[in-house]
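Trainee: Residues in the sequence shown are numbered from 176 upward in steps of one, following this note's numbering.
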Amino acid sequence: MFSGKNLLALILTGLLFLSAALSAVCAVLYVRGSGELRGLQTQAAAIDNNRNLTRALATDAMEYSKRNPAIDPILRSVGLKSESSSPKVAK
């Protein structure tokens, strides 16, 4: 029915289509993954920004507590200052 030449052409054509289909699947997965990566990078940048802002606020609050110790109970409640780090007031 098929001669040797036609059978080889049929097999090679089939392999070409299979390769094209696999390449299309890989391209779709790559585009989807790169979009997800971009979203995660945006979230990571936002988290880093929030962390830096929080550290700056904590540093400013600790500096402020040197001039105004009334803020010490708030700093202790959030764990920025321990009981032993504040001077004891004699009653």
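Don't be surprised by glycine CBs; every beta carbon is placed ideally from N, CA and C.
Which word fits residue 193, buried or exposed, when buried means at least 16 other C-beta atoms lie within 10 angstroms of its C-beta?
Mentor: So residue 193 counts as exposed.
Trainee: What does the Cβ neighbour count give for residue 241, buried or exposed, with the cut at 16 atoms within 10 Å?
Mentor: exposed
Trainee: Any idea if residue 187 is buried or exposed, counting beta-carbon neighbours within 10 angstroms, 16 or more meaning buried?
Mentor: exposed
Trainee: Identify which residue in 251, 185, 222 has its Cα closest to the Cα of residue 233.
Mentor: 251
Trainee: Going by beta-carbon coordinates alone, are residue 255 and residue 236 separated by less than 8 Å?
Mentor: yes
Trainee: What does the alpha-carbon distance come out to for the pair residue 215 and residue 227?
Mentor: 18 Å
Trainee: Leaving aside the five residues before and after residue 246 along the sequence, list all residues of the same chain whose C-beta is less than 8 Å from its C-beta, in chain order.
Mentor: 236, 239, 240
Trainee: Where does residue 206 fall in DSSP's three states?
Mentor: Note: residue 206 maps to helix in three-state DSSP.
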